[in-house]
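Accompanying notes for the structure given below.
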Amino acid sequence: MSTVPGNPALPAPLAPAMHPGDRDTHLDLDDLIDHSHEATQQASAGAQHPTRRWKRGVGRKSKTRKPRNPDAVMPLADHLVEFRKRFVRAIAGIIIMSIVGWMFSDQVFRILQQPFLTAAGQQQGLMSITFNGVVSAFNVKLEIAFFLGLTASCPWWSYQVWAFINPGLKRKERWTAVTFIGASVPLFLTGAGLAWYLLPQAVAILTGFAPANTATLLSADVYFDFILRMTVAFGLSDNARDFAQIG
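Numbered per the numbering used here, the sequence shown spans residues 485 to 731.
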């Protein structure tokens, strides 16, 4: 029995018995505690910087998403709502541009009157444009303003029509529609320009059938309707020919 140094009467405390594998077990526990501490630090760092784990690929989601409506099927109620929205927007654009056209209707009427004045200078009898009725002048001015508004807002309401029918078209049909719309605008303008060029000759020929010693008093609304019909007829004839070629 050993004694405590300095006091031989007191025995020294017994040290625990050590087996050969106890030292290895003690080292393994220390390593396990160290690894657990490192894992805790990594978890806390990942919580503070979630994007870091996303960049490493942990919990990464697929970039391809399933479409919400793969068959492009829309209920009838949704079609009616979409049609009402596009229709209201198109009408609003036409009304706004018609208000602007009202301000320039007098200048436009003087321009439209030139072919008739040119024909009147070539004829011997009296030729004049008249307003038959109290509201005739107002109606003519309103028609000119609406025509200007419809023409000026053509890109806007054409886009509304295209936005409504586009989801229901296939890829080939879409390209056909785009080609037709892109070609119809310059063709219509070409036909309208040709009609304006031929308008003085047409008025001179048609008014030349009046007998001698008579007066040609043409109503303003009738004259404007004649110009409008001739312009639209020439413009649509070119568009019909283009559509027949595409078809």
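Backbone N, C-alpha and C fix where the C-beta goes; we use that ideal spot for every residue, glycine too.
- If you draw a 10 Å sphere on the C-beta of residue 639, you find fewer than 16 other C-beta atoms in it, and that means exposed.
- Note on residue 673: under 16 other CB atoms within 10 angstroms of its CB, so exposed under the neighbour-count rule.
- When the beta-carbon positions are compared, residue 644 and residue 568 stay at least 8 Å from each other.
- Residue 694 sits in coil when the DSSP states are folded into three classes, being neither helix nor strand.
- The Cβ-Cβ distance between residue 687 and residue 599 falls below 8 Å.
- Within the same chain, and ignoring the five residues on either side of residue 684 in sequence, the residues whose Cβ sits closer than 7 Å to its Cβ are 599, 602, 603.
- Counting of Cβ neighbours within 10 angstroms places residue 718 among the buried residues, the total reaching 16 or more.
- A check of alpha carbon separations from residue 714 across 681, 590, 649 identifies 681 as the nearest.
- Excluding sequence positions up to five before and after residue 612, its CB lies within less than 6 Å of the CB of 701, all in the same chain and listed in chain order.
- Given a length threshold of 4 residues, each whole run of the alpha helix (DSSP H) inside the stretch 605-686 is given here in chain order: 620-636, 638-649.
- Going by DSSP, residue 588 is part of no alpha helix (DSSP H) at all; its letter is neither H nor E.
- Annotated as proximal: residue 596 and residue 711, with beta-carbon spacing under 8 Å.
- The beta-carbon separation of residue 570 and residue 647, rounded to 6 Å, stays under the 8 Å limit for a contact.
- In this structure residue 636 is not in contact with residue 587, their Cβ atoms being roughly 12 Å apart against a cut-off of 8 Å.
- Going by C-alpha positions, residue 627 is about 28 Å away from residue 694.
- In this structure, residue 666 keeps its C-beta atom at 8 Å or more from the C-beta atom of residue 632.
- Taking residue 607 as reference, the option from 690, 716, 561, 720 with the minimal CA-CA separation is 690.
- 8 Å or more divides the Cβ of residue 699 from the Cβ of residue 620.
- Under the criterion of beta carbons closer than 8 Å, residue 577 and residue 641 qualify as touching, at roughly 6 Å.
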